[in-house]
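Taken in order, these protein sequences are the chains called A and B. The opening residue of the first sequence carries number 1 in UniProt numbering; numbering runs sequentially from there. The opening residue of the second sequence carries number 1 in UniProt numbering; numbering runs sequentially from there. The beta-carbon is built from N, C-alpha and C at its ideal position, and this holds for glycine as well. I have placed the structure first, in the form of structure tokens, so that the comments after it can refer back to it.
Protein chains: 2
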Amino acid sequence: MRAALMYGAGDVRVEQVPDPTIQAPTDAIVRVVRACVCGSDLHPYHQMPASEQGTPMGHEMVGVVEETGSGVSRLRKGNFVIAPFAISDGTCQYCREGLQTSCEHGGFFSTCQAELVRVPHADGTLVSAPVAEDSELLPSLLTLSDVFLTGHHAAVRGQVAPGSTVTVIGDGAVGLSSVLASRRLGAERIILMGRHTARTDLGREWGATDVVAERGDEGIAKVADLTGGAGTHVVLEAVGHRPAYDMALGVARAGGTISRVGVPQYEDAPVGMSTLFGKNITLTGGPAPVRAYIEELLPEVLDGRLEPGRVFDRTVTLDQTPEGYRAMADREALKVMVRP
Amino acid sequence: MRAALMYGAGDVRVEQVPDPTIQAPTDAIVRVVRACVCGSDLHPYHQMPASEQGTPMGHEMVGVVEETGSGVSRLRKGNFVIAPFAISDGTCQYCREGLQTSCEHGGFFSTCQAELVRVPHADGTLVSAPVAEDSELLPSLLTLSDVFLTGHHAAVRGQVAPGSTVTVIGDGAVGLSSVLASRRLGAERIILMGRHTARTDLGREWGATDVVAERGDEGIAKVADLTGGAGTHVVLEAVGHRPAYDMALGVARAGGTISRVGVPQYEDAPVGMSTLFGKNITLTGGPAPVRAYIEELLPEVLDGRLEPGRVFDRTVTLDQTPEGYRAMADREALKVMVRP
């Protein structure tokens with residue numbers, strides 16, 4: 001089959017590799033119908049040291065089951081499935097609590113920008129959906145693999161509820177998804193911090209009541225202006241760089257919550273008396289256990305109430321995947337869908 | 001009047017100072033019946049640079065109203081009152097939300113180890129209690145000024161509920177109070193990390209099901225042993241030093257919550273992928289808005305169901321306050337009450 005491999009920063013190639021095969025009775029092989037490029041794929045795209053060995057890429061996909069191991073009972077050949085970015089057995093203590101990203105037998109996909117994918121613990125991991133593989137709903141279904149439900153996780157962990165005031169930091173696909181998820185959960189006011197008008201326009205359509213283009217101290221001052229000096233009860237941080245964390249500290253109201261879903265590109269950060277502690281601010285978030293949310297949100301996607309797939313503004317073939325990375329890295333595209 | 005002043009590390013003196021007077025119509029003057037020394041008072045006792053000017057000390061007290069300003073309506077001369085360690089007007093947006101430590105017109109007491117205290121915003125700050133000033137309940141009532149309700153805040157922010165598994169880090173008065181508060185909220189298992197047997201014995205009496213004397217990596221390994229390798233859903237950090245934060249990271253279960261009430265003696269700490277983020281661990285806590293909790297807990301103290309005053313194991317006169325500091329700093333005493 002053909003698959004995308006990264007050989008270093010800015011160096012993505014599509015090559016012939018061996019087809020995956022069933023390795024355990026609980027495995028399934030899925031033919032990829034749509035995959036995509038994630039904002040988090042851009043971190044290695046900017047930083048990965050050059051190597052002679054390519055690294056398979058991609059952790060988001062929807063597809064059709066081609067083959068199942070002897071221990072798979074919930075799925076059969078031909079099922080259309082959504083693959084959460086985390087593998088989960090569906091039975092361990094963490095899965096039962098809805099924290100499938102910490103599954104005792106789990107792991108993360110990293111080979112989805114390809115024609116075929118081996119899915120371990122297929123019964124636990126995959127969710128089937130009653131759609132054809134040429135459905136118009138494919139983009140929105142694909143967002144249930146990661147991006148929209150990562151925004152949803154941010155909002156859930158931030159305890160967004162009817163009447164909440166929310167600041168969303170970042171106008172990438174996860175930031176915009178956080179806006180949509182906050183609106184869905186009843187937020188009354190949503191301040192979107194971002195400076196790419198095409199993106200913030202979609203944010204406004206999805207429920208942002210205010211847009212702040214400024215960053216750093218200027219951005220913090222602007223949010224203070226908009227909130228009578230206090231900041232907002234909820235801050236959803238969808239970037240992952242330290243300046244975004246510092247901005248979150250600046251716009252969080254005393255007693256409020258900062259919920260992070262941007263993968264932190266730092267380890268240490270201020271948490272002491274003058275930042276989190278003194279103001280009783282809660283810091284929460286992490287990798288989204290999207291598997292825990294799919295069943296709840298799927299009906300709203302199927303009946304068209306939710307259209308999170310609007311974050312995709314470009315589609316490429318699998319062979320064009322390198323161009324997809326470039327377009328996202330150069331901010332020409334918000335989020336790129338890959339059609340093998 | 002006489003008051004305790006700190007002139008530098010290890011140097012507390014009791015001296016004659018001017019009586020406080022009403023300065024605003026919302027002030028009251030309270031005669032101190034009992035004050036005490038806080039674990040957080042030991043930070044300056046260990047570190048304060050020497051100075052020719054003494055710093056008044058103490059932020060916990062119960063007493064009797066001696067005089068009220070013309071704007072005070074809820075209190076009158078002779079009322080027995082509990083003073084939360086934070087001043088609060090009772091009317092601003094934060095006070096209405098129960099976050100009186102962030103009151104827009106607030107501040108913190110720092111003159112309670114004395115005979116008289118001026119209380120700003122007396123109507124908002126003070127809570128009266130129907131007891132005589134020689135009541136046997138004085139020690140427990142005094143803990144509603146800070147220490148017990150700080151432990152309660154830790155447990156509330158940690159969302160301790162029936163069935164919770166909890167680790168409490170620290171066997172000081174706040175740690176023990178956190179044990180008592182967790183038990184009261186229904187925690188099923190409470191692991192107390194502390195190595196002073198006299199203290200952990202009180203912790204066991206108050207609900208600790210396990211005591212771990214080891215610290216650092218050894219302590220973390222011990223808690224892992226006790227919890228099937230997973231750690232506990234809730235960790236209450238009642239120390240404030242970085243090693244205690246690191247230990248909290250080590251014993252927190254994926255998806256769990258670290259609630260801090262020990263005043264952090266550090267600003268930066270790890271919060272990234274390998275610590276908080278990757279495991280979806282929530283970090284919460286801060287200075288306890290004890291004013292928000294007093295009305296709820298007071299009846300249980302008045303009828304004897306709760307005896308948080310058992311943390312006091314030594315009583316000194318005001319003139320003996322320097323000896324009280326020394327005894328706490330040397331860990332001879334768990335918590336010292338001051339009787340002016």
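As assigned by DSSP and simplified to three states, the class of M337(B): strand
On the three-state DSSP scale, how would you describe D27(A)? In the structure shown, D27(A) sits in coil (DSSP, three-state: anything other than H, G, I, E or B).
Whole-angstrom C-beta distance between V12(A) and residue 375(A), which should lie under 8 angstroms: There is simply no residue 375(A) to check, as chain A begins at 1 and stops at 340 in what is shown.
Can H46(B) and F85(B) be called in contact, C-beta distance under 8 angstroms? no
Span separating the alpha-carbon of G304(B) from that of E188(A): 45 angstroms
Check A155(A) in the structure and name its three-state DSSP category. helix
Under 8 angstroms, CB to CB, which of the residues in the segment 172-206 of chain A have a partner in chain B? Of all residues in the segment 172-206 of chain A, none has a Cβ within less than 8 angstroms of some Cβ in chain B.
Please give me, in chain order, every unbroken run of the beta strand (DSSP E) with length at least 3 that falls completely inside the segment 205-231 of chain A. Taking 3 residues as the minimum length, the beta strand (DSSP E) runs contained wholly in the segment 205-231 of chain A are 210-212, in order along the chain.
Where does S274(A) land, buried or exposed, given buried means 16+ other C-beta within 10 angstroms? exposed
So the candidates are S177(A), Q113(A), D171(A) and V168(A); which of them puts its Cα closest to the Cα of S140(A)? Between S140(A) and the set S177(A), Q113(A), D171(A) and V168(A), the nearest pair of CA atoms involves S177(A).
The alpha helix (DSSP H) spanning Y7(A) covers which residue range? Careful: Y7(A) lies outside any alpha helix (DSSP H), inside the beta strand (DSSP E) at R2 to G8.
Residue-level contact to chain A via CB, D89(B), 8 angstroms cutoff: no
Spatial neighbours of R204(A) within its chain, please: CB distance less than 8 angstroms, with the 5 preceding and 5 following residues excluded, ordered by chain position. L192 and V211
Based on the DSSP output, what are the partners of L236(B) in its beta bridges? V168(B) and S259(B)
To which residues of the same chain is A244(A) closer than 7 angstroms at the C-beta, ignoring the five residues directly before and after it? I169, G170, E237 and G262
Answer yes or no: does any C-beta atom of chain B fall closer than 8 angstroms to that of A292(A)? no
Mind pulling the chain A residues with CB within less than 7 angstroms of A269(B)? D268 and V271
So, is R96(A) buried or exposed, given that buried needs 16 or more other C-beta atoms within 10 angstroms? exposed
Chain B beta carbons: is any one of them nearer than 8 angstroms to that of K279(A)? yes
Going by beta carbon distance, what residues of the same chain come within less than 6 angstroms of residue 401(B), once the five residues before and after it are set aside? Nothing about residue 401(B) can be reported from this structure: the residues present for chain B run from 1 to 340 only.
P340(B) and E115(B): beta carbons closer than 8 angstroms? Yes.
Bridge-paired residues (DSSP) for G324(B): None, per the DSSP bridge assignment.
Please name the residues in the segment 249-266 of chain A whose beta-carbon is closer than 7 angstroms to at least one beta-carbon of chain B, in chain order. From the segment 249-266 of chain A, only A254, G255, R260, V263, P264 and Y266 have a Cβ closer than 7 angstroms to chain B.
Give me the Cα-Cα distance between L185(B) and A198(A), rounded to the nearest whole angstrom. 50 angstroms
Any idea what DSSP makes of P44(A), helix, strand or coil? For P44(A), the three-state secondary structure derived from DSSP is helix.
Contacts around G8(B), its chain only, beta-carbon distance under 8 angstroms, and the 5 residues preceding and following it disregarded: Excluding five sequence positions before and after G8(B), the CB atoms of its chain that fall closer than 8 angstroms to its own CB belong to M48, P49, A50 and S51, given in chain order.
Evaluate contact between the segment 20-34 of chain B and the segment 70-86 of chain B, counting only Cβ atoms and requiring at least three cross-stretch pairs below 8 angstroms. Pairwise C-beta distances place the segment 20-34 of chain B in contact with the segment 70-86 of chain B, as three or more of them are shorter than 8 angstroms.
Classify G124(B) as buried or exposed, calling it buried when 16 or more other Cβ atoms lie within 10 Å of its own Cβ. Burial call: buried.
Terminal residues of the alpha helix (DSSP H) in which Q93(B) lies: If you look at Q93(B), you'll find it in the alpha helix (DSSP H) that goes Q93 to R96.
My assumption, with CB atoms under 8 angstroms, is that G106(A) sits in contact with S135(A). Please give the rounded CB distance. Going by Cβ atoms, the distance from G106(A) to S135(A) rounds to 28 angstroms, so no, they are not a contact pair.
Counting only Cβ pairs nearer than 9 angstroms, list the residues of chain A close to T284(B). T257, L276, N280, I281, T282, L283 and T284
For M193(B), which of helix, strand or coil comes out of DSSP? strand
In the DSSP output, what is V17(A) paired with across the bridge? None, per the DSSP bridge assignment.
Pick out whichever of V32(B), G219(B) and F109(B) has its Cα sitting closest to the Cα of G78(B). V32(B)
Excluding five sequence neighbours on each side, which residues of the same chain lie with their C-beta closer than 6 angstroms to the C-beta of V17(A)? Result list for V17(A): A3, in chain order.
S102(A): contacting residues in chain B (beta-carbon distance under 8 angstroms): A254, G255, K279 and N280
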